[in-house]
Amino acid sequence: MIREGPSIITSPPLQFMSWMSLSPGLGSPFPWLRELKSEERGLYLIHLLVACANHVAAGSLENANIDLEQISHLASADGDTMQRIAAYFTEALADRVLQAWSGLHKALNSTKISSVQERIHVQNLFFELCPFLKLAYVITNQAIVEAMEGEKMVHIIDLHCFEPAQWINLFQTLNARPEGPPHLRITGIHEQKEVLDHMALRLTEEAEKWDIPFQFNPVVCKLENLDLESLRVKTGEALAVSSVLQLHSLLMTDDEMLRRINSPSMSTNLNTDRSQRVLQMQMHQRTLGEWLKKEPVHVYSPSPDLLSPSPLSPLALAPAPKMVNFLSALRGLSPKLIVITEQESNHNGSTLMERVMEALNFYAALFDCLESTVSRAPIERQKIEKMLFGEEIKNIIACEGVERKERHEKVEKWILRFELAGFEKVPLSYHGMLQAGRLLQTNNYDGYKIKEDNGRVVICWQERPLYSMSAWGIRP
Amino acid sequence: MAANSSSSSFFGSREDNQNQMIQVQQSSTATPTLSTAPATAPQKKKRNHPGTSYPDAEVIALSPKTLMATNRFICEVCNKGFQREQNLQLHRRGHNLPWKLKQKTTKEVKRKVYLCPEPTCVHHDPSKALGDLTGIKKHYSRKHGEKKWKCEKCSKRYAVQSDWKAHSKTCGTREYRCDCGTLFSRRDSFITHRAFCDALAQESARHPTNSTTMGSHYLFGSNHQMSLDQNQVQPSSNLLRLGSTSSGPPKFDRFISPVNPSSLPNMPSSMFFMSDAANQGFHHHQDHGHGPYMNKPLHGLLQLPDLQGSTSTNNNNSHTSANLFNLGFFSNTSGTSSISASELQCMGDQVGSGLSSLYSTSMQHENISPHMSATALLQKAAQIGSTTSSNNNNNASSLLRGLGSSLSTGTKSDRPVLSPNFGSNFDGGGSETLRSSQMEDDSNLQGLMNSLANGNSSIFDGGAGFGGSELHQNLAATGMGGGSEKLTLDFLGVGGMMGNLGGGFSQREQHGINVSSLDPDMKSSAQANPQQFGRAKLV
């Protein structure tokens, strides 16, 4: 196909050669770059992104810089899907690079005004515009209703309580119970007091309407600082816990310290207090490396059932002492039901490239989905992309150690963790899935699929699983 | 005689017995519960008459052993067991034992009702006894017995053989299968499921509604004298059809998806050209007939807005560009900025500029191929990486060869090819040396160039500014020989890729930068190629 481009830059060889010797820092955007069609540009962007990530991972910052320069000509927060994804990813990569100069990094971030209002607003946008949270709530509520059949006193702990509609939906269902609604207590956890105040207001109001004896306990704190004991779970009440996209932040751990401890040199220091404590915390999970080293295992002789997972199991869990503690504290409360919704992607890999690749795939699907669903509200979409997904991407790529909170993991790993903690799987009801399907239908959400797999539910966008839900109870 | 009479009576009595039993059975099926007391036990089958039918029936409670005994009647001589007394009597004749067959009693037979021996069972209560011995036996097996019979097809188990037989006759014969793959044996559960499952499956199975082919018909007339490739004919018709369906964005995407992205930008221009009857200044690849043919499609175009009758603001047939506007808007019903709108707009405005406008609208191009979602792009990128394209005849490849892919030697072959789920083959970034990444660069480079050149309209030819052949000649002129073989291309992920693509400037520069830093290494690498293009050292 011969196309006669109007603006053909007929470059004689000489000119061509001279371009070659130009330094890349010239900054003049090559005209042909703009004439790349979006597909080719997209492919090019992917290419560049991966190259850049490679360089960042390898520490060759100069090359990374060049890549970033290249990408900057093509990526744009206002462009098409791939361009926007590239924009956020490169921002994250750049942030990571910058962290090598911690002074610079701190200085640049010192005057950042992080508006709490904006963040709350964005969370609300995400709830309203995308169906994911709604689906999660519907399925969670159905699971709760089914588990609490016959219970007179129900206590629900919501690990991220910000959307009244979640529980109002539950009120309606509980009210319709043949035995009447139970006495309901909801403990809502959130970092911002005003959110919880708003929740309290709305929920008490609605509970009155639906004639449900209701009590709301706000707990203003971060999830990682949450002390489950202080929640005053009363005996005799049936406890349910709902965690929507929250639990992964508890997987954060000081990777550096653990890596140091796992090194062979530490085996001689096994008797020091610190390593003892860490190793004890790690008793519940083993990485492949630890199994192979064997020494810590013998010294602390963990219980037999913990030894049973094969050392060569591909599902080796990343050590996460906080999670272990949290889950065991939770177990101590004897909840009747725990429903957990999480992103279905492995963003907790130990190497940067692993995370970049997984994140690319995951957020590509998410951006596509957003694009298709929120196509008519580009400003809102951009807000969600920038403040929600962009921040997640930044956290996944640029942060390490305890800073990195967005440690998403696939549902198989969650299953392992919960089972190790002593919980038993509770299959999510088909009825809940039906309701979710109906929700999608009535609101004309196209392209979403809800799949059920062995009691777990996976919410997909065009065959790509995005969010997974599973439910857990106490092993009797 | 006696035998005869007895046999006849035997038959008679047997028949009578059978009749009796049948009668009893029938009555048992007719009546809800055969109980001595006026109570109704909840039974599965629908019964007509609640209440006792035989208030004066004799209640018999058998032990489980007796109930389940298959052969209740034993011959004392040889210990052979029989299920029926008559059979035993007949058998006794053979032993020359005195035998007696029951005669049909003249008096009314006393009804017998049976109790289930299981104490927890409903039918343990005399008021809820069952009237048939066979019935109580079956009941006992079903409810309180071990299920010894298993269906081969499904894994259903049965305690009573007749149940099992009945089931295996119908197992698998009549089933309903939903689109999602779930099997149902019952029609009602199937329908319930399908009502909701349909919703779930609808999105993926939905086809873009196809209106008539009026679009193509009108636009191109009945003659496809436009020697546009088939590719280009279709997109336009699709686009026009799109206008008629006023679909949302996803459908729009689906429409466009089969279209070769490269052809799409051409299509509007072709429409433009056709509408621009007067201006024949652009004789591009479409060597369509002029004059007479132009009018027809023109007319068709003009007619289209009327047919659609939707959002068009001006239906006048004054200027085609205006109609093109409308046309664009039709396909733009969803509100997303669509190709046609922007493209047509451009072209409508610039009547004489032809394709230049197409290409100068830079950033609007992003909407040209909305079908390429980011996930699709990633998959494609992974595919490119995993295919080993060996098109050595390609311009691009020769270009690349000249580029200084000397570094990519045979060491590449052992590199793992990237799987579509790229990320899996990765060994953490820090482990690669820059040198090896360089090697991969080039072969990746080649791969990318090749595949792009093959798959899409290459950046080399066409308006990208640098004729590929030109470039090629240049390179050849500068004596860049040194072919390197095509090697496994893992496009993504493995090597630290420098920018490469397109006219290849940046890549060469990149090349230069990187290479310069590695120069000592490179020199020692396999092929001693002369300094290549990209080796211009950076300041």
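Protein chains in written order, with the working numbering: chain A, 1 to 476; chain X, 477 to 1015. All residues carry an ideal CB built from backbone N, CA and C; glycine is no exception. From a predicted model like this one, the values you see are computed outputs, not experimental measurements.
Got a sec, what are the start and stop residues for the beta strand (DSSP E) residue i sits in?
i	result
glycine 648 of chain X	Careful: glycine 648 of chain X lies outside any beta strand (DSSP E) and carries neither H nor E.
aspartate 158 of chain A	153-158
threonine 187 of chain A	183-190
isoleucine 450 of chain A	448-453
serine 243 of chain A	238-244
tyrosine 590 of chain X	588-591
lysine 614 of chain X	Segment 609-620 is the alpha helix (DSSP H) holding lysine 614 of chain X; no beta strand (DSSP E) there.
leucine 337 of chain A	337-343
What's the call for residue i, buried or exposed, on a 16-neighbour Cβ count within 10 Å?
i	result
proline 465 of chain A	buried
glutamate 358 of chain A	buried
tryptophan 101 of chain A	exposed
proline 335 of chain A	buried
glutamine 462 of chain A	buried
leucine 201 of chain A	exposed
tyrosine 137 of chain A	buried
arginine 232 of chain A	exposed
glutamate 424 of chain A	exposed
valine 411 of chain A	buried
isoleucine 459 of chain A	buried
cysteine 369 of chain A	buried
alanine 107 of chain A	exposed
isoleucine 667 of chain X	exposed
So what does DSSP say about residue i, is it helix, strand or coil?
i	result
tryptophan 472 of chain A	strand
proline 465 of chain A	strand
proline 540 of chain X	helix
cysteine 656 of chain X	coil
phenylalanine 558 of chain X	strand
threonine 235 of chain A	coil
proline 218 of chain A	strand
valine 426 of chain A	strand
threonine 351 of chain A	coil
cysteine 460 of chain A	strand
isoleucine 860 of chain X	helix
asparagine 771 of chain X	Annotation note: pLDDT 44 at asparagine 771 of chain X (below 50); position unreliable, coordinate value reported separately. Reduced to three states, the DSSP call for asparagine 771 of chain X is helix.
tryptophan 575 of chain X	coil
alanine 754 of chain X	For alanine 754 of chain X, the predicted structure reports a pLDDT of 42, less than 50, and the residue's modelled location is therefore unreliable. A value from the coordinates is still provided. Three-state DSSP puts alanine 754 of chain X in coil, outside helix and strand.
valine 535 of chain X	strand
valine 376 of chain A	The sequence as given places arginine at residue 376 of chain A; valine does not occur at that position. In this structure, arginine 376 of chain A counts as coil in the three-state DSSP scheme.
glutamine 949 of chain X	Note that glutamine 949 of chain X scores 43 on pLDDT, short of 50, meaning its location in the model is unreliable; the coordinates nonetheless yield the value given after this. Of the three classes helix, strand and coil, the one that applies to glutamine 949 of chain X here is helix, per DSSP.
Would a C-beta distance cut-off of 8 Å place residue i and residue j closer than the cut-off?
i	j	result
histidine 478 of chain A	arginine 185 of chain A	Only positions 1 to 476 of chain A appear in this structure, which leaves residue 478 of chain A out of reach.
arginine 417 of chain A	methionine 323 of chain A	yes
isoleucine 612 of chain X	cysteine 597 of chain X	no
isoleucine 189 of chain A	leucine 247 of chain A	no
arginine 587 of chain X	glycine 557 of chain X	no
threonine 81 of chain A	glutamate 371 of chain A	yes
leucine 203 of chain A	proline 164 of chain A	yes
leucine 388 of chain A	lysine 134 of chain A	no
leucine 129 of chain A	valine 356 of chain A	no
leucine 434 of chain A	glycine 455 of chain A	no
lysine 632 of chain X	histidine 643 of chain X	yes
histidine 599 of chain X	histidine 615 of chain X	yes
Is any non-hydrogen atom of the ligand FMN found closer than 7 Å to the C-beta of residue i, if you look at the structure I gave you?
i	result
threonine 253 of chain A	With respect to small molecules bound, the structure shown includes none, and the ligand FMN cannot be examined in it.
Any beta-carbon of chain C closer than 8 Å to the one on residue i?
i	result
methionine 469 of chain A	Absence of chain C from the displayed structure is noted, the protein chains being A and X.
For the alpha helix (DSSP H) that contains residue i, what are its first and last residues?
i	result
lysine 322 of chain A	321-332
leucine 129 of chain A	116-129
| query | the segment 34-49 of chain A: which residues have C-beta closer than 7 Å to a C-beta of chain X, in chain order? | reply | Of all residues in the segment 34-49 of chain A, the ones placed with a Cβ closer than 7 Å to any Cβ belonging to chain X are Arg34, Glu35, Leu36, Lys37, Ser38, Glu39, Glu40, Gly42, Leu43, Tyr44, Ile46, His47, Leu48, in chain order.
| task | Give, in chain order, every residue of the segment 154-188 of chain A whose Cβ lies closer than 9 Å to some Cβ of chain X. | result | Taking 9 Å as the Cβ-Cβ cut-off, the segment 154-188 of chain A has no residue approaching chain X.
| request: Report the residues of the segment 360-371 of chain A with a CB closer than 7 Å to any CB of chain X, ordered along the chain. | output: Leu360, Asn361, Ala364, Ala365, Phe367, Asp368
| What residues in the segment 78-107 of chain A bring their beta carbon closer than 7 Å to a beta carbon of chain X? | Gly79, Asp80, Thr81, Met82, Gln83, Ile85
| Going along the chain, which residues of the segment 454-469 of chain A sit with their C-beta nearer than 9 Å to a C-beta in chain X? | If the cut-off is 9 Å between Cβ atoms, the segment 454-469 of chain A has Trp461, Gln462, Glu463, Arg464 near chain X.
| request: Return the residues of the segment 653-665 of chain X that lie within a Cβ-Cβ distance of less than 7 Å from chain A, sorted by chain order. | output: none
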